[in-house]
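Residue numbers (our numbering): 15 to 238. Even glycine gets a Cβ: it sits at the ideal position worked out from N, Cα and C.
Here it is as structure tokens:
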């Protein structure tokens, strides 16, 4: 088998290995090096027009996890047992002309001022007309939230490739989790809001049944 084919098999094996782990082995901890690797795959993830509209809160404090457990019905087994628990926040200030976007483009992407001015009408048209993001604050947030799921998927896949389990979580009260985070001063005065959660660790037991998915011909249609 060629290195190319072996790599493909390794990647598919990781996808088959990964499952939504409900309870982790609390005695097994992910090493700092491995978890930095997982976070790095999130940081390096792509996002629409490169706005990187995310922040990753790594929640290791037991008392804070207990507060989250009270408002997160879908994380009852994961919060007490996961080696690492991450809340993925989406930015709410991702208008083309916001301070966040301008600073990102100028100082992170190092775009010259003349290019920034040239791009502004294009990004405005993209957000306002193509995506219709200015119809409500929720529309803009939802667009940012969609980008965070790219990072979420990449982190889970990367974890699986090094034998680490994960579980993505949406089972929580959006308002109550935001309220909990706001009380701790973690939302930058409304510039961030919860998007999703994800737990990482090592499974306590193997899944009860093998992975099931719809057949390829049911999910793929070729237009030749």
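message: Quick check on residue 123: does DSSP put it in helix, strand or coil?
response: By one-based count along the chain shown, residue 123 stands at place 109. Correct three-state label for residue 123: coil.
- request: Between the Cα of residue 92 and those of 73, 115 and 29, spot the shortest distance and give me the residue it belongs to.
  value: Residue numbering aside, residue 92 sits at position 78 when the chain shown is read from its first letter. Relative to residue 92, the option among 73, 115 and 29 whose CA is nearest is 73.
- request: Identify which residue in 110, 194, 154 and 36 has its Cα closest to the Cα of residue 84.
  value: Your numbering for residue 84 matches position 70 in the chain shown. Closest by alpha carbon: 194.
Residue 162 versus 35, 133, 108 and 220, residue with shortest Cα-Cα distance: In the chain shown, the residue the question calls residue 162 occupies position 148. Looking at the Cα atoms, 108 is the closest of the given residues.
- prompt: Residue range of the beta strand (DSSP E) that residue 98 falls in?
  reply: Locating residue 98 in the chain shown gives position 84, counting from the first residue. Its beta strand (DSSP E) spans residues 98–105.
- prompt: In terms of residue numbering, what span does the beta strand (DSSP E) encompassing residue 159 cover?
  reply: Counted from its first residue, the chain shown places residue 159 at position 145. Looking at the DSSP string, residue 159 is not in any beta strand (DSSP E); the run it does join, the alpha helix (DSSP H), is 151–175.
- prompt: How is the beta strand (DSSP E) around residue 301 delimited, first residue to last?
  reply: Outside the displayed range of the chain (15 to 238) lies residue 301, so it cannot be described from this structure.
query: When the Cβ atoms of the region 166–182 are set against those of the region 145–154, are three or more pairs found closer than 8 Å?
result: Because the criterion of three Cβ pairs below 8 Å is not met, the region 166–182 and the region 145–154 do not touch.
query: Could you give the distance in angstroms between the alpha-carbon of residue 119 and the alpha-carbon of residue 65?
result: As a position in the chain shown, residue 119 is number 105, starting the count at 1. As a position in the chain shown, residue 65 is number 51, starting the count at 1. Roughly 8 Å separates the two Cα atoms.
Residue 70 - containing beta strand (DSSP E), residue span: The count along the chain shown starts at 1 and reaches residue 70 at position 56. From DSSP, the beta strand (DSSP E) with residue 70 extends over 68–72.
query: Does DSSP classify residue 86 as helix, strand or coil?
result: Position 72 of the chain shown holds residue 86. In this structure, DSSP gives residue 86 a state outside helix and strand, which the three-state scheme calls coil.
message: What does DSSP give as the partner residue(s) for residue 182 in the beta ladder?
response: To locate residue 182, count along the chain shown from 1; it is residue 168. Bridge pairing for residue 182: 212 [DSSP].
- request: Report buried or exposed for residue 25, applying the criterion of at least 16 other Cβ atoms within 10 angstroms of its Cβ.
  value: As a first step, residue 25 must be located in the chain shown, where it is residue number 11. With fewer than 16 Cβ atoms within 10 Å of its Cβ, residue 25 is classed as exposed.
query: Is the region 203–223 close to the region 28–40, with three or more CB pairs under 8 Å?
result: Yes, since at least three Cβ pairs between the region 203–223 and the region 28–40 fall closer than 8 Å, the two stretches touch.
query: Rounded to a whole number of angstroms, what is the C-alpha to C-alpha distance between residue 225 and residue 30?
result: Along the chain shown, read from residue 1 onward, the residue named residue 225 stands at position 211. Along the chain shown, read from residue 1 onward, the residue named residue 30 stands at position 16. Distance between the alpha carbons of residue 225 and residue 30 is about 7 Å.
task: Out of 22, 140 and 88, point me to the one whose CA is closest to residue 62's CA.
output: In the chain shown, the residue the question calls residue 62 occupies position 48. Closest by C-alpha distance to residue 62, out of 22, 140 and 88, is 140.
field: Three-state class that DSSP yields for residue 38 in the structure shown
entry: Within the chain shown, numbered from 1, the residue matching residue 38 stands at position 24. Here DSSP, grouped into helix, strand and coil, assigns residue 38 to strand.
- prompt: First and last residue of the alpha helix (DSSP H) that includes residue 118?
  reply: The residue given as residue 118 occupies position 104 in the chain shown. It is not in any alpha helix (DSSP H) - residue 118 carries neither H nor E in the DSSP assignment.
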